[in-house]
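Take any residue in the sequence shown, count from 1 to its spot, add 363: that is its number in my numbering. The beta-carbon is built from N, C-alpha and C at its ideal position, and this holds for glycine as well. In this text, all values refer to a predicted model and were calculated from it rather than measured experimentally. All remarks here apply to the structure that follows.
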Amino acid sequence: MKINFKSLLAPSLAALLVVGHSNPSAAQEMKVAPLVDGLGDLRKLSKKLVALSGPSAAATVSLVSTGGGGAGSGVIVNEEGLVLTAAHVVAALSDDVIVIFPDG
């Protein structure tokens, strides 16, 4: 799989410029999470994170290059099986990739 990163550069920069200047008040709208105070708070936070990750865990896959040299993870984004992953993962993989689902 060959990816022409140069062809992606201009659209990516344009998107960054648009996003960066589209809503200057967005930073003012962000809320700061309360500080964690002790082990009890950490356990509560851990339970919340586990609950949030449950639905996405079923869609998370491992990607392994059959030719060696690369592995990573991705997430299934539609019913046809399209996998979304990071560019550095794709760059390290060969043309043939094994997709491993959470259930093996």
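Let me check one thing: in DSSP terms, what residues is residue 423 bridge-paired to?
For the purposes of this step, residue 423 is taken as residue 60 along the sequence shown, with counting starting at 1. In DSSP, residue 423 forms a bridge with 438.
Determine which residues share a DSSP beta bridge with residue 446 and list them.
Within the sequence shown, the letter at position 83 stands for residue 446. Paired residues: 439.
Run the CB neighbour count on residue 460, radius 10 Å, all protein chains shown included, and call it buried at 16 or more, exposed below.
In the sequence shown, counting from the first residue as 1, residue 460 sits at position 97. Label assigned to residue 460: buried.
Within the same chain, show all residues whose beta-carbon is closer than 6 angstroms to that of residue 434, passing over the 5 residues directly before and after it, in chain order.
By one-based count along the sequence shown, residue 434 stands at place 71. Counting only Cβ-Cβ distances below 6 angstroms, and skipping sequence neighbours, we find 427.
With contact counted as at least three CB pairs below 8 angstroms, one residue from each stretch, are the stretch 416-424 and the stretch 391-407 in contact?
No: fewer than three Cβ pairs fall under 8 angstroms.
Could you compute how far the alpha carbon of residue 421 sits from the alpha carbon of residue 439?
One-based indexing of the sequence shown puts residue 421 at position 58. One-based indexing of the sequence shown puts residue 439 at position 76. Approximately 9 angstroms, taken between the alpha carbons.
Run through DSSP, which three-state label would residue 462 get?
Counting from one through the sequence shown, the residue named residue 462 turns up at place 99. Three-state DSSP puts residue 462 in a strand.
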